[in-house]
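Protein chains in written order, with the working numbering: chain A, 152 to 518; chain B, 4 to 252.
First comes the structure, then the notes that go with it.
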């Protein structure tokens, strides 16, 4: 036990003295989360749009006020004709234009039907879709208010509800994604580098000749990174709740418990990497290429798994982050309990076990 | 040298094969307590392989060996407690201070805190490192590092200390000082098993063995070997034996 404590102390010395790595370890998750939460997001705010009101009546004014009061659109008042709209689109000044037909209110009250045209700049299709969706829902809102007053028969309302993420916030996908990525990166890459470093420096040989048991060496390498990972989980969760405004719907205990399992999985993967590499560079390369890419591409974080070719869909099952992200989304955002995620948890545990068994086998061969 | 002395290392036809390649071929020798035993050989002669079997990090393919009375197959844990080891690569932690390195290795070998503290202050005073004790090892000159590494290898007073080319890259004065430390350790009853490339160092040993292509070609005191090969120096003896070597660089 004393051996273990002495050795863990030593590991902390290594980590704390390497200020640069320390900053990366603690700072990276924060930076990542903020970038993915704020900058890289599908939600659009304050998009410049033009409104061409050919009717100028009570209803069109009502709709325009509603559009204006939303945080998504800024109306460019200088645009007053079709020609100007076209120019504004070409120069990129506006992303969307709304054109009301003449006699809008009259048409609406007499024939129960009125035309409103939405033109969007679809050079960025995702943004265009998002913007038209926002705008349609604003108009629909207004329509609902009208209908409530008039009790018009035969009006069919389509109503879309965005479940769990009513405001379509980007943070809802980025937080689970960043957690899945950061924890894997720190736990797996840093442990594998720390272990391989001892091999490279020749100190591993000294440790193997000493009465220190090899598994104790490995455990004492793993514990500091486990603690750092927990610190990261805490900062990510605090940031996402208080800065990104993401709620934790489910049980916090379940969330942390499944995160601990995921960290174990990542740590054992790091140990496995350390048994197959001899240099720190190799360990880093394998961790980056072998872990980062699949996590970003195949975990369902950046691209939906259901849309992938079958082979990639099958491969994605091997990525621990995929299962973890499913768990986090379910627990954190949907507020689902253990009865829905036990399968994913079991898969993570099975992966952890497999990594450890292979590592132990490889470790023995090496001796 | 007589066999009345206590034997601390005994090997009997110890062999290590890697596939078809026989790295160490039926090595048989004995080392006595308190002796400085030089283990010579050209690069690739099998020195390191043989040493790895003796310190318990490589399993022999066949043959027998006991280290400090313990069997290399079954009692590696006991062997590890009775030996010290200093490898070719500099093997202290450069980002830890001298004191931290001492405390770490003292702790690994299971010494009590009081004992570590007592020996630590003795060691710091002996090496005159009072002012450097809290500096990072990485900032020390190589010669000091080597002396410190040796001191830490015998910090837990092992029965035997294994030194794998301990003086590589060190200037002649520091080498001389290093050998003074080896003599002192040997005087205190620690058996020293040392591999080296420097033939002048071979002259300092009580007995030397010379390994060529995985086989021990000669084993005796430097004086006897020179007489036997009618040579003036160990250098000549070594050249005569190693000339026919097929392996190596």
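The beta-carbon is built from N, C-alpha and C at its ideal position, and this holds for glycine as well.
If we cut at 8 Å on Cβ distances, does residue i have a partner in chain B?
i: residue 478/A; result: no
i: residue 357/A; result: yes
i: residue 360/A; result: yes
i: residue 430/A; result: no
i: residue 363/A; result: yes
i: residue 176/A; result: no
Quick one: is residue i buried, meaning 16 or more other Cβ sit within 10 Å of its Cβ, or exposed?
i: residue 173/A; result: exposed
i: residue 330/A; result: buried
i: residue 152/A; result: exposed
i: residue 480/A; result: buried
i: residue 393/A; result: exposed
i: residue 502/A; result: buried
i: residue 493/A; result: exposed
i: residue 15/B; result: exposed
i: residue 424/A; result: buried
i: residue 432/A; result: exposed
i: residue 504/A; result: exposed
i: residue 429/A; result: exposed
i: residue 445/A; result: buried
i: residue 118/B; result: exposed
i: residue 1/B; result: Here chain B comprises residues numbered 4 to 252, so residue 1/B is not present and cannot be evaluated.
i: residue 391/A; result: buried
i: residue 500/A; result: exposed
i: residue 241/A; result: exposed
i: residue 170/B; result: buried
Determine, for residue i, whether the minimum Cβ-Cβ distance to residues of chain A falls below 8 Å.
i: residue 77/B; result: no
i: residue 58/B; result: yes
i: residue 19/B; result: no
i: residue 135/B; result: no
i: residue 105/B; result: no
i: residue 111/B; result: yes
i: residue 230/B; result: no
i: residue 99/B; result: yes
i: residue 80/B; result: yes
i: residue 84/B; result: yes
Taking C-alpha atoms, which residue in the options lies nearest to residue i?
i: residue 2/B; options: 12/B, 29/B, 152/B; result: No answer is possible for residue 2/B: the residues shown for chain B start at 4 and end at 252.
i: residue 520/A; options: 380/A, 299/A, 400/A; result: In this structure chain A extends from 152 to 518, so residue 520/A is not present and cannot be described.
i: residue 243/A; options: 176/A, 499/A, 443/A, 272/A; result: 272/A
i: residue 9/B; options: 247/B, 96/B, 72/B; result: 72/B
i: residue 386/A; options: 230/A, 257/A, 184/A, 205/A; result: 184/A
i: residue 245/A; options: 419/A, 199/A, 451/A, 440/A; result: 199/A
i: residue 325/A; options: 486/A, 216/A, 454/A, 412/A; result: 454/A
i: residue 407/A; options: 395/A, 382/A, 427/A, 418/A; result: 382/A
i: residue 129/B; options: 104/B, 150/B, 141/B, 174/B; result: 150/B
i: residue 247/A; options: 266/A, 257/A, 281/A; result: 281/A
i: residue 212/A; options: 229/A, 251/A, 237/A; result: 251/A
i: residue 93/B; options: 79/B, 147/B, 68/B, 132/B; result: 147/B
i: residue 127/B; options: 152/B, 96/B, 209/B; result: 152/B
i: residue 511/A; options: 351/A, 366/A, 452/A, 450/A; result: 366/A
i: residue 235/B; options: 36/B, 203/B, 247/B; result: 203/B
Name, please, each residue of chain C whose Cβ falls closer than 9 Å to the Cβ of residue i.
i: residue 353/A; result: The displayed structure is made up of protein chains A and B, and chain C is not among them.
The region 158 to 170 of chain B / the region 73 to 86 of chain B touching (three or more Cβ pairs under 8 Å) | yes
Could you run through the region 269 to 286 of chain A and flag, in chain order, every residue whose CB is less than 7 Å away from some CB of chain B?
-> none
Along the region 329 to 350 of chain A, what residues have a CB closer than 7 Å to any CB found in chain B?
-> none
Segment contact flag, the region 53 to 70 of chain B with the region 222 to 230 of chain B, C-beta cutoff 8 Å, min 3 pairs | no
Residues within the region 152 to 171 of chain A neighbouring chain B, beta-carbon criterion of under 9 Å | 153, 154, 156, 157, 158, 160, 161, 164, 165, 168, 169
Could you tell me whether the region 193 to 212 of chain B touches the region 166 to 175 of chain B, where touching means 3 or more Cβ pairs closer than 8 Å?
-> yes
Cβ contact check for the region 455 to 475 of chain A and the region 325 to 339 of chain A: 3 or more pairs under 8 Å = yes
If you pair each beta-carbon of the region 212 to 221 of chain A with each one of the region 289 to 297 of chain A, do three or more pairs fall below 8 Å?
-> yes
Do the region 346 to 358 of chain A and the region 203 to 210 of chain A make contact, defined as three or more Cβ pairs closer than 8 Å?
-> no
Taking three-plus beta-carbon pairs below 8 Å as touching, is the region 398 to 416 of chain A in contact with the region 483 to 492 of chain A?
-> yes
Is it true that the region 59 to 72 of chain B meets the region 109 to 116 of chain B, where meeting means three or more beta-carbon pairs spaced less than 8 Å apart?
-> no
Three or more C-beta pairs below 8 Å linking the region 95 to 106 of chain B and the region 167 to 185 of chain B | no
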